[in-house]
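Chains as they are written, first to last, in the numbering used here: chain A, 332 to 749; chain B, 18 to 426. Where a beta carbon is used, it is the ideal one built from N, C-alpha and C, also for glycine. All of these numbers come straight from a predicted model, not from anything done at the bench.
See the structure below:
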């Protein structure tokens, strides 16, 4: 057991997960994040390695990745352990995750493609595209963020569309996924909605003579108690039901955020949402940090160790400046990037872009180093999407990197503080 | 002290940072339960463009913002949405006039004075259904909204007769008890004093008045500024003598730390000094333990409780220091709420047209409490405690009361 204070910058998947692991080891942990992290924008699944070039991988092939990929810095157990720890937390907190590192799941996307992923919430697995039986997809009238026609047109599987009514009274504004999820969380509204859906399904069967065996819905099956919502909907509709991740706000992502946050807070961890953190590194190679508090003064954040989980370009961890330089936002640590601005992007928007691999270079302990492999500070570590060497989007590897590098960073922090 | 024009505050100008990602709307507890409120993004940064002095906006939905502040916290781009809405509401009230009901709810202090003098009789009217019905019909305070009881003995009176444990304490603290501790829950103040004195602080209570937040959130900015100025004048002599201000109500302390400058627009050295030297009780204790490398020992309390950090507490940017200290109590297990708001948001949920909205917001929290079936719910804000008790039948106390109970005897 270690003793000391750890500051984590960032409240995305890697920041929260690292916070939980460190708090379990009895460290005094504070997470400071400028706004909510990336989970609300993601899919709520854990992607470890899904693509090699354009090919979908049946099994993660980490060996095929470049030598400087973050996965290659890890011990042979880090990824496996991290996945198991996450799985245990999710199961205990009512959002069980299905899948394993031996074989990727293959799930449909709302845009009508198939997507490999390693772990998915139990509410998504009945949509597996490895199962070749037909799929029925719900079109919710009045909900503007989900178009099953895209799936029908683009997926090779046999796909039917079923119209379901949203029984809720007319919304005077656009209904978001979160609105629908909250209605389904409520027992009485859930009963009303499932009754109406049941009627639509029966009508559909009468009209077409087809029995719906598995039905896909946009991911709206409750924020608070997804297992109960899923079971109730399946009971009412008498078929398997699965969720398809939608545009943000992502309900499965929020569930993950909520449960990780609850776990962290219950361990006594401190979560400060709002302020941005500014740091500096002394000539003795020690990092220190301050944040602006509610009274607009700068407060020093006491920390024996600092873990940057501040994300990539989308979350202010990395900043691309107008002069063509790329900087790290807290300590101005050296960033691996291409100085030729024209080399940042590929020809086509959907290609793999070189800028995706920009980020911090670290040693095997997850401590930032410069291009000559020189350690930048004795008490700074980094994990998650700020790390260089991975194209998380093209590889389908974002969450696997976040979890395993957070695990490794915390392992080393604990060792350093013991 | 000067007052700046609120339309030029950094707050209102931050609307230009909005990229319309909708993270705020997805987190907004009000938008989650009603479509009368289009959500923080729509009412805040989006509407702000139409609120220039030359083009007054008549969108009244901003009045449905309950001021919990979660939107400003989750925003990844630094838009001060909640603050923007508070200012917009004040401008609207200025134009349309403040309803009598809001004026009453904005003045807990005169009510407290009369109520305390005449307790327990003053508690009767609020317990009489016909009277509550009449109140709802005439002034618009919902008949089911839970109210606290007057105690009859004010906290300040108790303090004056109390023999301090520690007169020579190294740390000098002036305790900002707020209205609720004085008139309704002196037990919270007693716990604060007991804990502070136990850890070697010299505790004083300055002359003080209502922090002004109830007026501010009911749209009376001018009146709220007078209360703020009066508090600043009463507290400054203590600051000059190196006292720090410690409060047990996270909403009062947030007013002192943040709202006086950033919402009411007060400027100057004094208001800054007050802001810099105000601490929440748990923030103060946590700093004290760290500074003095104290490792306090507590008595064993075999209990399972539930802790709900109120929304104003999160806007302090101090984390949840109560959990750090609760964790030191042997035998105590606790679960922390992930509900962003209990619903009542000060006086919002007491209003007839908003009661149901607040009740619906509270469902998330009440369901979590139900699931964990704790013996007590801990919460740092008084109005939340009364709301939680009124709707769950679980006793709700300030976490400092549990700490006071756990001090070695």
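Three-pair Cβ contact test at 8 Å for the stretch 635-652 of chain A versus the stretch 340-355 of chain A: yes
Please state if the CB of residue 468 of chain A and the CB of residue 492 of chain A are separated by a distance shorter than 8 Å. yes
According to DSSP, is residue 691 of chain A helix, strand or coil? strand
Residue 486 of chain A (DSSP reduced to helix, strand or coil): coil
Does residue 99 of chain B come within less than 8 Å of chain A when only Cβ atoms are used? no
Given a threshold of 16 other Cβ atoms within 10 Å of its Cβ, counted over all protein chains shown, does residue 242 of chain B qualify as buried or as exposed? buried
Proximal residues of chain B, C-beta to C-beta of residue 589 of chain A below 8 Å: 355
Could you run through the stretch 393-427 of chain A and flag, in chain order, every residue whose CB is less than 8 Å away from some CB of chain B? none
Classify residue 100 of chain B: buried if its beta carbon has 16 or more other beta carbons within 10 angstroms, exposed otherwise. buried
Beta-carbon spacing of residue 96 of chain B, residue 31 of chain B below 8 Å: yes
In the stretch 252-293 of chain B, which residue ranges form an unbroken alpha helix (DSSP H) of at least 4 residues, counting only runs that do not cross its ends? 267-271, 286-293
Does the beta-carbon of residue 518 of chain A have 16 or more other beta-carbons within 10 angstroms, so that it is buried, or is it exposed? exposed
Below 8 Å CB to CB, which residues in the same chain sit around residue 118 of chain B once its five sequence neighbours on both sides are set aside? 156, 157, 158, 368
Keeping to the same chain, check which residues put their C-beta closer than 7 Å to that of residue 238 of chain B; ignore five residues upstream and five downstream. 107, 281
Helix, strand or coil for residue 452 of chain A per DSSP? strand
According to DSSP, is residue 301 of chain B part of a helix, a strand, or is it coil? helix
Segment limits, alpha helix (DSSP H) that includes residue 530 of chain A: 518-539
Spell out whether any CB of chain A is found under 8 Å from the CB atom of residue 52 of chain B. yes
Is there a Cβ from chain B that is less than 8 Å from the Cβ of residue 604 of chain A? yes
With distances taken from CA atoms, which of B:48, B:426, B:349, B:425 is nearest residue 393 of chain B? B:349
Just the chain A side, please: which residues come within less than 9 Å of residue 40 of chain B by C-beta, in chain order? 366, 367, 371, 372, 579, 580
Proximity test, Cβ basis, 8 Å: residue 271 of chain B and chain A: yes
In its own chain, which residues sit with a C-beta less than 6 Å from the C-beta of residue 587 of chain A, not counting the 5 before and 5 after it? 370, 375
Please state whether DSSP places residue 397 of chain A in a helix, a strand or coil. coil
Short of 9 Å Cβ to Cβ, which residues in the stretch 624-639 of chain A face chain B? 624, 625, 626, 627, 628, 630, 633
Check whether the Cβ of residue 371 of chain B lies closer than 8 Å to any Cβ atom in chain A. no
For a quick check, are the C-beta atoms of residue 497 of chain A and residue 477 of chain A less than 8 Å apart? no
Need the endpoints of the alpha helix (DSSP H) that residue 739 of chain A sits in, please. 729-748
Pick helix, strand or coil for residue 88 of chain B, following the three-state DSSP scheme. helix
Under 8 Å, Cβ to Cβ, is there at least one residue of chain A near residue 310 of chain B? no
Quick one, which of A:503, A:381, A:464 has its alpha-carbon nearest residue 542 of chain A's? A:464
Let me confirm a value: residue 415 of chain B is counted as buried when at least 16 other C-beta atoms fall within 10 Å, else exposed. Which label applies? buried
Would you please verify whether the beta carbon of residue 646 of chain A is less than 8 Å from any beta carbon of chain B? yes
Using a 10 Å radius around the Cβ and a threshold of 16 neighbouring Cβ atoms, would you call residue 390 of chain A buried or exposed? exposed
Can you find a C-beta in chain B that's less than 8 Å from the C-beta of residue 593 of chain A? yes
Where do the N-terminal and C-terminal ends of the alpha helix (DSSP H) with residue 623 of chain A fall, by residue? No alpha helix (DSSP H) contains residue 623 of chain A, which is instead part of the beta strand (DSSP E) from 618-623.
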